[in-house]
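Chemist: Following this message is one structure expressed as structure tokens.
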Amino acid sequence: MEPSQLQWWGEQAFVSLTTFRRDGTPVATAVWIARDGDRLVVITPAGSGKVKRLRRNSAVTMAPCSRRGTVEPDAPTVTAVAQVRDEPAEVERVRAVLKAKYGAEYRIFMTAERVVTLMRPTPRVALWIDAERPSRGDER
28 MEPSQLQWWG EQAFVSLTTF RRDGTPVATA VWIARDGDRL VVITPAGSGK
78 VKRLRRNSAV TMAPCSRRGT VEPDAPTVTA VAQVRDEPAE VERVRAVLKA
128 KYGAEYRIFM TAERVVTLMR PTPRVALWID AERPSRGDER
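To convert, note that position 98 of the sequence shown is 125 in my numbering; the numbers rise steadily by one, no gaps.
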């Protein structure tokens, strides 16, 4: 992605990140996103469906969306590739990038999630998103 595109996508409050099931069915999820250097980053629970799908097929599409995942009919979309990163230092770095962008909203959400999960932290992974060619069948 060009730097101006990275900047624009990184400034979006939410994006609809679409991953693909084994049979090709798209599954969209609203996520927080930020720019981190020459890529976009997302953080998500390690056991989520999107992580399982991305380990098989790294292709994604993105569109700006509302908090609830509503995408306007004329919204721009981009095809990209997402790489699952589970190294603790990388997850923590991405967490810091998102915390800096979203501030109090991020802290409130994470605190609420801990209460809902009975104070057990939810393991997370980072997603690196860029415009490289997607891989298929990557069973890491």
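Ideal Cβ placement from N, Cα and C applies to all residues, glycine included.
Taking all protein chains shown into account, decide if A123 is buried (16 or more other Cβ within 10 angstroms of its Cβ) or exposed.
Modeler: Answer is exposed; the Cβ neighbour count stays below 16.
Chemist: Out of Q32, D101, K128, which has the shortest C-alpha to C-alpha gap to D65?
Modeler: The shortest C-alpha separation from D65 is found at Q32.
Chemist: Using beta-carbon positions only, say whether R112 and A61 come within less than 8 Å of one another.
Modeler: Cβ atoms of R112 and A61: not closer than 8 Å.
Chemist: Consult DSSP for G164 and reduce its assignment to one of helix, strand or coil.
Modeler: Residue confidence is low: G164 scores 47 on pLDDT, short of 50, so the model does not pin down where it sits. Its coordinate-derived value is still stated next. Note: G164 maps to coil in three-state DSSP.
Chemist: Going by beta-carbon coordinates alone, are V87 and V118 separated by less than 8 Å?
Modeler: No; because the gap between Cβ atoms is not below 8 Å, this pair is not in contact.
Chemist: I need the straight-line Cα distance from T71 to V58, nearest angstrom please.
Modeler: Answer to the nearest angstrom: the Cα atoms are 8 Å apart.
Chemist: Under DSSP, the beta strand (DSSP E) around S43 begins and ends at which residues?
Modeler: Note, S43: beta strand (DSSP E), 42-47.
Chemist: Taking only the alpha-carbon atoms, compute the straight-line gap between K77 and G96 and give it to the nearest angstrom.
Modeler: About 15 Å.
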